[in-house]
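Peer 1: So the protein sequences, as listed, match chains A, B, C and D. Numbering of the first sequence is given in my numbering, commencing with residue 1 and proceeding in unit increments. Numbering of the second sequence is given in my numbering, commencing with residue 358 and proceeding in unit increments. Numbering of the third sequence is given in my numbering, commencing with residue 715 and proceeding in unit increments. Numbering of the fourth sequence is given in my numbering, commencing with residue 1072 and proceeding in unit increments. We treat Cβ as the ideally placed atom computed from N, Cα and C, and that holds for glycine. The structure follows.
Protein chains: 4
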Amino acid sequence: MKRIGILTSGGDCQALNAAMRGVAKALYENIRDVEIIGFLDGYKGLMYSDYTKLNPVDFSGILTKGGTILGTSRQPFKKMREPDSNGLDKVKAMVDTYKKLRLECLVILGGNGTHKTANLLSEEGLNVVTLPKTIDNDIYGTDITFGFQSAVDIATDAIDCIHTTAASHSRVFIVEVMGHKVGWLTLHAGIASGADIILLPEIPYDIDKLIEAINKRTEEGKQFSILAVAEGAISKKDAKLSKKKLKEKREASLYPSISYELGAEIQERTGQEIRVTIPGHMQRGGSPCAYDRVIATRFGAAAANLIVKGEYGYMVGMRDGEIVKVPLSEVAGKLKMVDPKSSIIEEAKLIGISFGD
Amino acid sequence: MKRIGILTSGGDCQALNAAMRGVAKALYENIRDVEIIGFLDGYKGLMYSDYTKLNPVDFSGILTKGGTILGTSRQPFKKMREPDSNGLDKVKAMVDTYKKLRLECLVILGGNGTHKTANLLSEEGLNVVTLPKTIDNDIYGTDITFGFQSAVDIATDAIDCIHTTAASHSRVFIVEVMGHKVGWLTLHAGIASGADIILLPEIPYDIDKLIEAINKRTEEGKQFSILAVAEGAISKKDAKLSKKKLKEKREASLYPSISYELGAEIQERTGQEIRVTIPGHMQRGGSPCAYDRVIATRFGAAAANLIVKGEYGYMVGMRDGEIVKVPLSEVAGKLKMVDPKSSIIEEAKLIGISFGD
Amino acid sequence: MKRIGILTSGGDCQALNAAMRGVAKALYENIRDVEIIGFLDGYKGLMYSDYTKLNPVDFSGILTKGGTILGTSRQPFKKMREPDSNGLDKVKAMVDTYKKLRLECLVILGGNGTHKTANLLSEEGLNVVTLPKTIDNDIYGTDITFGFQSAVDIATDAIDCIHTTAASHSRVFIVEVMGHKVGWLTLHAGIASGADIILLPEIPYDIDKLIEAINKRTEEGKQFSILAVAEGAISKKDAKLSKKKLKEKREASLYPSISYELGAEIQERTGQEIRVTIPGHMQRGGSPCAYDRVIATRFGAAAANLIVKGEYGYMVGMRDGEIVKVPLSEVAGKLKMVDPKSSIIEEAKLIGISFGD
Amino acid sequence: MKRIGILTSGGDCQALNAAMRGVAKALYENIRDVEIIGFLDGYKGLMYSDYTKLNPVDFSGILTKGGTILGTSRQPFKKMREPDSNGLDKVKAMVDTYKKLRLECLVILGGNGTHKTANLLSEEGLNVVTLPKTIDNDIYGTDITFGFQSAVDIATDAIDCIHTTAASHSRVFIVEVMGHKVGWLTLHAGIASGADIILLPEIPYDIDKLIEAINKRTEEGKQFSILAVAEGAISKKDAKLSKKKLKEKREASLYPSISYELGAEIQERTGQEIRVTIPGHMQRGGSPCAYDRVIATRFGAAAANLIVKGEYGYMVGMRDGEIVKVPLSEVAGKLKMVDPKSSIIEEAKLIGISFGD
């Protein structure tokens, strides 16, 4: 009998369940005697032996379901090496649970932070296979993560709705898009929805050029401007600040987020009314789109296949349209950012989208 | 030949185009020689003779289209009796345009403010027929307005998305729903999406009871609470302030809206993390839902039928499932609010929804 | 302790789970000591004592879920009085299960057939409360049933999609809409989606007038016609046949449904290409729309309230916008059809929709 | 001044307008003095000089719009070399129009047939740039075509709806998916929606194995089976027939499509009830999904960039995630089919999906 552990960690996203269903279906189909153990609330379940035996029926009907049937939690990597409040050695506790349960392998679904810990566990000698989940699409080693396209759909929908109502009034609409420190989500949703201006963390904006872009539209007789603004967008000025100074500045700010701050500045300088939309956690929720379900299912099946073949220490990903396995050591600790010189940025500029740079 | 004028006024919403298509199709089908004149940007077009002749082709394919093909603008009723910046008498200007064009009738699509002006024009002797549009559903004399159900769908969708992602973390999610001074939209979207707590302008909340409701959920082991909060929601304390004091208090507030202010208070008193979602103008946009398209089309056809029969001075509406005509004088200046003692509130309380009262 | 039984019967539809959640939440909130028993697969579960104890957690998260957590089955009313294949007296078996479990009341969610049996059980002395579910909206005694609006949304979506692709080719598109023997679904979806021609069981079509309506569009330069055809649509000629003759004719037909038969005739007589779309069971599936969730929740809460008050023998429904209770004896055995002289038909004709009559 | 012609040809699909908007925006932004001529209804407009001058406003607001603002028509390549009914030499006529208008280049959006003619025009010396549009995703030389993902979304939605209603009854549901002679659409929608059995033209099915797969599900206690069947699916037996024989057999068939024929056979051999859903042309319609809008916009911008640089005779496509230009001669006359040995098929089989082979 092979016993496989599985957990989901970090901020949740769409298609986590679809991916776990892919893993489970392929394990049940291809290993004669297999048992799947689900750890609850991410690494916490592994640490504190909080788990449940999963059966085929648990994976039935979850393909289309948002969230994760196992729950998740954020466990900052920095604190993994520190003992918990009861003095427990976290890493040792996780290794102990793994050994106590005589696991053949641990399947871990998560984002950037999750992959650092997964690599750590792999280095500790555990058999680990991971799947790249995040709406941010910032995981190194794979062209695409599941969750991303579903979030693009939701953010695009938001801007679409704004578009139909924008036409009648002279206003600047700001839609704040998630994405943490990277701009993939904002970039794709911005292009998909015909945003006029797109602000990304990777391309700090020059406030004067931004104002100029808005004024240019007004001069051309366009009654409104739509800005897709990444939650991590940053001005050229702020980009030059030290990390510490920037943190201080933000904590002192009266505004709950970049959009309100930027909105106030635009209002002051252009005299136009500002409307702010914050889809927020909507972008992590809802049923996964067909695209995500297909790649999540494929990733899941491929992960099971690695287990069948006994190949461990890998993340399953996609490169150039092909499913690949990437050594965890290559993935951990890196961030995949939008390249300001990439062809998608070039094409966006060709059609007149301003990045405020 | 009969010449009919048409205009859309106030904040836009879904199904404005569907309603105009209904009017136009029914006019073209049932009056041998008819011409339709569209005034641009609401009453402004009528004031300043800014109009265009519309043809059947202009109404083709607009059934599903958000926004309004005529544009709209907000013209506060209070200022209708004041001259404009060039000293123009606005009401006289509108009457003059009407007469100059020898209009048979003016079809006006709008909300509360719009209806005051429509009634005024009717009193000035113009033939007027109106249609009730607004996502707020606050127009007196009709059970339902078009735009409302589409906005309910969007706000419900937003809370649905939050729901799937909420389950994994211990948090309070606040979704701020539009609706101006009334709570229809929040009430329906809140029930439809399974919100735990619903705050409406019509039922001022007691902050202590609200905190209690959240804490009760936590004690019951529920990991999150979802609050559907009307943009016009108000605390019992604030509800006692004079209008002037309340305005001052709000202008002095550091928070861009009620949600952030309320969120800060909840965070302080419960210690839970807060996440705020502001769908904002999304709620006015997008393609109208099937329900709105049907009632908008029916309202439009019924308005045309009034014109065929030469019956003027009415708003078309729906009461008890039947299309009715309501004298404009009965509609103007009134607001249809949620009755805190109505059966829908009672049913919501029966299933355990808290209104913080 | 009060023990309440619940079951769903007949063809399934959206918002069944939402309604059951409404019942359950309101029972748990308002009766100190209550137990809910769910019978599986409709009346079969009651007949054969196939049931499960339901707990609050079973009703959590089902508001948005299509289908029914209890399963359903079709049990033709005609056969209720006949013994089953093992000689079991079905009605007696149901009464026995009810008594054996010492049920306070049985909550039954179903359509027309279901209500006949519910009335029978009520006449046998059981305490029964029912909820009207069906996409057909054909239940007597209520203006609206849950499931209907969700199905309208799906059928409307189908025709919307056809519309965008129809414009480029000279074709007749037939979309076959469900609805059993009534035309509510086709009528609403047809108006909502701008269908050119709508065929309903209640308004038998004259094939010559139908062809004429299509040819008229072609002559006016319109490149396509979209027909929303109820699965129960019938020609004037066939409407005159005896039930038996009609059945024979249909069984002898080479066509799988009315759409293909009608399509062949239209193709022959107009020379236009025909494209048929059969959304079929799609119309019963998917997440319920916000409208249905609200009324299903309200109906559920109102049903629980009847139980709290000990009022039995009623269906909960909606009339003129108010929740009402309707004696089962008034509901059973009747069909609510579209009135060909109703105002919605009149309005549809006003805007030029042809009913082929 | 540069004058660019543009046309859309073949069956329509989503994102045609998005792609043309991309071309136009990039041309207006990057060529000082440019004029865009739109030919109506595909190659017919080029043949018969039926065109219109397009202005920036014509491309405004069409990003989200299904269909094509230019219209389209099917012009079988085989007949391109034959004169039309008036004896007109079609190819010469197209070349003449091009020359008469002194076009710099012709941008052609189309599928397989369209590309054969585009290559022909290129060989005749015209400057041609093409964009790959089709829901079938069968164009050689590009990994992806726009329209495909939107159609996947719609077909997935259809099967999702079936899923929620399928659970309660013992039935076989057949959903017939478009795709012409290839199975991409069925494969992706089938995986995305959790279909149990997927039938593709590229993997002829063995009817005995198919029946076996259905019976196996029944034996395992599963109450229903969902089949995603490509409109071009074929049995092993039929796949051995000569083209002529196959055509004869199909013309003699009583069934309007493969689904009904297959359904009848399954019903006979398994005794299960069959339900057929034919989304049909729905799959070509509706607003393009975000994914398609992004690639269509990028393809459009890249096509304009080729024009800016004077590089002609290419199709714009995507390979391994990069925008590429592919010589038309490499594209024309080839079909991109699903490889039965590809990794996506392998992964689908890993999770237990049957292809009936």
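Look at the alpha carbon of Phe505 (chain B) and the alpha carbon of Leu187 (chain A), and state the distance between them as a whole number of angstroms.
Peer 2: If you number the second sequence from 1, residue 505 (chain B) lands on position 148. If you number the first sequence from 1, residue 187 (chain A) lands on position 187. Spanning the two alpha carbons is a distance of roughly 32 Å.
Peer 1: Between which two residues does the beta strand (DSSP E) carrying Ser582 (chain B) extend?
Peer 2: Within the second sequence, numbered from 1, the residue matching residue 582 (chain B) stands at position 225. 581 to 587 is the span of the beta strand (DSSP E), which, as asked, contains Ser582 (chain B).
Peer 1: Along the alpha helix (DSSP H) that carries Met1165 (chain D), what are the first and last residues, could you check?
Peer 2: Within the fourth sequence, residue 1165 (chain D) is the residue found at index 94, counting from 1. Where Met1165 (chain D) is concerned, the enclosing alpha helix (DSSP H) stretches over 1161 to 1171.
Peer 1: Considering only C-alpha positions, which residue in the set B:Asp565, B:Ala508, B:Asp446 is nearest to Gly423 (chain B)?
Peer 2: Within the second sequence, residue 423 (chain B) is the residue found at index 66, counting from 1. Residue B:Ala508 is the option with its Cα nearest to Gly423 (chain B).
Peer 1: So is Cys646 (chain B) in contact with chain C if we call contact Cβ pairs under 8 Å?
Peer 2: Taking the second sequence and counting its residues from 1, the one referred to as residue 646 (chain B) is at position 289. True, the Cβ-Cβ gap to chain C drops below 8 Å.
Peer 1: Note down the Cα distance separating Ala1062 (chain C) from Ile940 (chain C), rounded to an integer number of angstroms.
Peer 2: Taking the first residue of the third sequence as position 1, residue 1062 (chain C) is located at position 348. Taking the first residue of the third sequence as position 1, residue 940 (chain C) is located at position 226. Computed Cα separation, rounded: 15 Å.
Peer 1: Going along chain C, which residues have a C-beta under 7 Å from Leu420 (chain B)?
Peer 2: By 1-based counting over the second sequence, the position of residue 420 (chain B) is 63. Gly908, listed in chain order.
Peer 1: Name the chain B residues whose beta carbon is nearer than 7 Å to that of Ile1065 (chain C)?
Peer 2: One-based indexing of the third sequence puts residue 1065 (chain C) at position 351. Neighbours of Ile1065 (chain C) on chain B, chain order: Gly379, Lys382, Ala383, Glu386, Thr654, Ala658.
Peer 1: Would you give the residue range spanned by the alpha helix (DSSP H) that Phe1370 (chain D) belongs to?
Peer 2: For the purposes of this step, residue 1370 (chain D) is taken as residue 299 along the fourth sequence, with counting starting at 1. Unbroken alpha helix (DSSP H) run through Phe1370 (chain D): 1361 to 1380.
Peer 1: With a cut-off of 8 Å on the beta carbons, I'd call Met1353 (chain D) and Cys875 (chain C) a contact; round off their distance for me.
Peer 2: Taking the first residue of the fourth sequence as 1, we reach residue 1353 (chain D) at position 282. Taking the first residue of the third sequence as 1, we reach residue 875 (chain C) at position 161. Confirmed, about 4 Å.
Peer 1: Under 8 Å between the Cβ atoms of Ile214 (chain A) and Thr270 (chain A)?
Peer 2: The count along the first sequence starts at 1 and reaches residue 214 (chain A) at position 214. The count along the first sequence starts at 1 and reaches residue 270 (chain A) at position 270. Cβ atoms of Ile214 (chain A) and Thr270 (chain A): closer than 8 Å.
Peer 1: Counting Cβ pairs closer than 8 Å, one from the stretch 659 to 671 of chain B and one from the stretch 550 to 570 of chain B, do we hit at least three?
Peer 2: Verdict: no, contact absent.
Peer 1: Measuring straight from C-alpha to C-alpha, what distance separates Glu439 (chain B) and Leu466 (chain B)?
Peer 2: As a first step, residue 439 (chain B) must be located in the second sequence, where it is residue number 82. As a first step, residue 466 (chain B) must be located in the second sequence, where it is residue number 109. Near 23 Å, if we compare the C-alpha coordinates of Leu466 (chain B) and Glu439 (chain B).
Peer 1: Grouping DSSP H, G and I as helix and E and B as strand, with all else coil, what is Tyr362 (chain A)?
Peer 2: Nothing in the structure corresponds to residue 362 (chain A), since chain A is present only between 1 and 357.
Peer 1: Which term fits Ala252 (chain A), buried or exposed, when burial requires 16 or more other beta carbons within 10 angstroms of its beta carbon?
Peer 2: For the purposes of this step, residue 252 (chain A) is taken as residue 252 along the first sequence, with counting starting at 1. Exposed, since its Cβ has fewer than 16 Cβ neighbours within 10 Å.
Peer 1: Residue range of the alpha helix (DSSP H) that Cys1232 (chain D) falls in?
Peer 2: Indexing the fourth sequence from 1 puts residue 1232 (chain D) at position 161. Per DSSP, Cys1232 (chain D) belongs to the alpha helix (DSSP H) from 1219 to 1237.
Peer 1: For a contact meaning CB atoms closer than 7 Å, what does Tyr974 (chain C) contact in chain D?
Peer 2: Walking along the third sequence from the start, residue 974 (chain C) turns up at place 260. Under the 7 Å cutoff, chain D gives Pro1327.
Peer 1: Have a look at A:Ala233, A:Ile174, A:Gly179 and flag the residue whose alpha-carbon is nearest the alpha-carbon of Lys203 (chain A).
Peer 2: Along the first sequence, one-based indexing puts residue 203 (chain A) at 203. With the sequence shown as reference, residue 203 (chain A) is identified as Ile, and Lys is not the correct amino acid for it. Out of A:Ala233, A:Ile174, A:Gly179, A:Ala233 has the C-alpha closest to the C-alpha of Ile203 (chain A).
Peer 1: Please state whether the Cβ-Cβ distance between Ile750 (chain C) and Ala738 (chain C) is less than 8 Å.
Peer 2: In the third sequence, the residue the question calls residue 750 (chain C) occupies position 36. In the third sequence, the residue the question calls residue 738 (chain C) occupies position 24. The answer is yes: Cβ separation under 8 Å.
Peer 1: Please list, in chain order, the residues of the stretch 196 to 226 of chain A that have any C-beta partner in chain D closer than 8 Å.
Peer 2: Per Cβ criterion, the list is empty.
Peer 1: Determine the DSSP secondary structure at Ile1282 (chain D), reduced to helix, strand or coil.
Peer 2: Residue numbering aside, residue 1282 (chain D) sits at position 211 when the fourth sequence is read from its first letter. Helix at Ile1282 (chain D).
Peer 1: Excluding the 5 residues preceding and the 5 following Ile548 (chain B) in the sequence, name in chain order all residues of the same chain whose CB lies nearer than 6 Å to its CB.
Peer 2: Taking the second sequence and counting its residues from 1, the one referred to as residue 548 (chain B) is at position 191. These residues qualify, in order along the chain: Ala705.
Peer 1: Select from D:Phe1130, D:Ala1189, D:Lys1307, D:Ser1264 the residue whose C-alpha is nearest the C-alpha of Pro1469 (chain D).
Peer 2: Nothing about residue 1469 (chain D) can be read from this structure; chain D reaches only from 1072 to 1428.
Peer 1: Would you say Ala1226 (chain D) and Ala1260 (chain D) are within 8 Å of each other, going by their C-beta atoms?
Peer 2: One-based indexing of the fourth sequence puts residue 1226 (chain D) at position 155. One-based indexing of the fourth sequence puts residue 1260 (chain D) at position 189. The answer is yes: Cβ separation under 8 Å.
Peer 1: Start and end of the beta strand (DSSP E) containing Thr134 (chain A)?
Peer 2: Mapped onto the first sequence, residue 134 (chain A) falls at position 134. 128 to 134 is the extent of the beta strand (DSSP E) around Thr134 (chain A).
Peer 1: Give me the Cα-Cα distance between Pro1411 (chain D) and Ile1424 (chain D), rounded to the nearest whole angstrom.
Peer 2: As a first step, residue 1411 (chain D) must be located in the fourth sequence, where it is residue number 340. As a first step, residue 1424 (chain D) must be located in the fourth sequence, where it is residue number 353. Taking the straight line from one Cα to the other gives about 14 Å.
Peer 1: By a C-beta neighbour count over all protein chains shown, 10 Å radius and 16 as the cutoff for buried, is Ala944 (chain C) buried or exposed?
Peer 2: Mapped onto the third sequence, residue 944 (chain C) falls at position 230. Flag for Ala944 (chain C) reads buried.
Peer 1: Can you name the residues of chain C whose CB is closer than 8 Å to the CB of His545 (chain B)?
Peer 2: Position 188 of the second sequence, counted from the first residue, corresponds to residue 545 (chain B). Within 8 Å Cβ-Cβ: Ala1004, Val1008.
Peer 1: For a contact meaning CB atoms closer than 7 Å, what does Ala661 (chain B) contact in chain C?
Peer 2: Walking along the second sequence from the start, residue 661 (chain B) turns up at place 304. The contacting residues are Leu1064.
Peer 1: Using 8 Å for Cβ pairs, my map puts Glu461 (chain B) next to Arg360 (chain B). What's the rounded Cβ distance?
Peer 2: Within the second sequence, the letter at position 104 stands for residue 461 (chain B). Within the second sequence, the letter at position 3 stands for residue 360 (chain B). 6 Å between Cβ atoms; contact.
Peer 1: With 16 other CB atoms within 10 Å as the buried threshold, where does Gly10 (chain A) fall?
Peer 2: Counting from 1 along the first sequence, the entry for residue 10 (chain A) is found at position 10. So Gly10 (chain A) ends up on the buried side.
Peer 1: Excluding five sequence neighbours on each side, which residues of the same chain lie with their C-beta closer than 7 Å to the C-beta of Pro1041 (chain C)?
Peer 2: On the third sequence, position 327 is the one that residue 1041 (chain C) refers to. Here the set comprises Gly1027, Tyr1028.
Peer 1: Please state if the CB of Leu397 (chain B) and the CB of Leu373 (chain B) are separated by a distance shorter than 8 Å.
Peer 2: Residue 373 (chain B) sits at position 16 when you count from the first residue of the second sequence. Residue 397 (chain B) sits at position 40 when you count from the first residue of the second sequence. No, Cβ-Cβ distance for Leu373 (chain B) and Leu397 (chain B) is not below 8 Å.
Peer 1: So Ala1018 (chain C) and Asn841 (chain C) are supposed to be a Cβ contact under 8 Å. How far apart are they, rounded?
Peer 2: Here residue 1018 (chain C) is taken as the residue at index 304 of the third sequence, counted from 1. Here residue 841 (chain C) is taken as the residue at index 127 of the third sequence, counted from 1. With a Cβ gap of about 13 Å, Ala1018 (chain C) and Asn841 (chain C) do not count as contacting.
Peer 1: Taking DSSP as the reference, what is the three-state secondary structure of Leu1042 (chain C)?
Peer 2: Walking along the third sequence from the start, residue 1042 (chain C) turns up at place 328. Three-state result, Leu1042 (chain C): helix.
Peer 1: Determine which residues share a DSSP beta bridge with Phe39 (chain A) and list them.
Peer 2: Here residue 39 (chain A) refers to the residue found at position 39 when the first sequence is read from its first residue. In the DSSP output, where bridge partners are listed per residue, Phe39 (chain A) has A:Tyr51.
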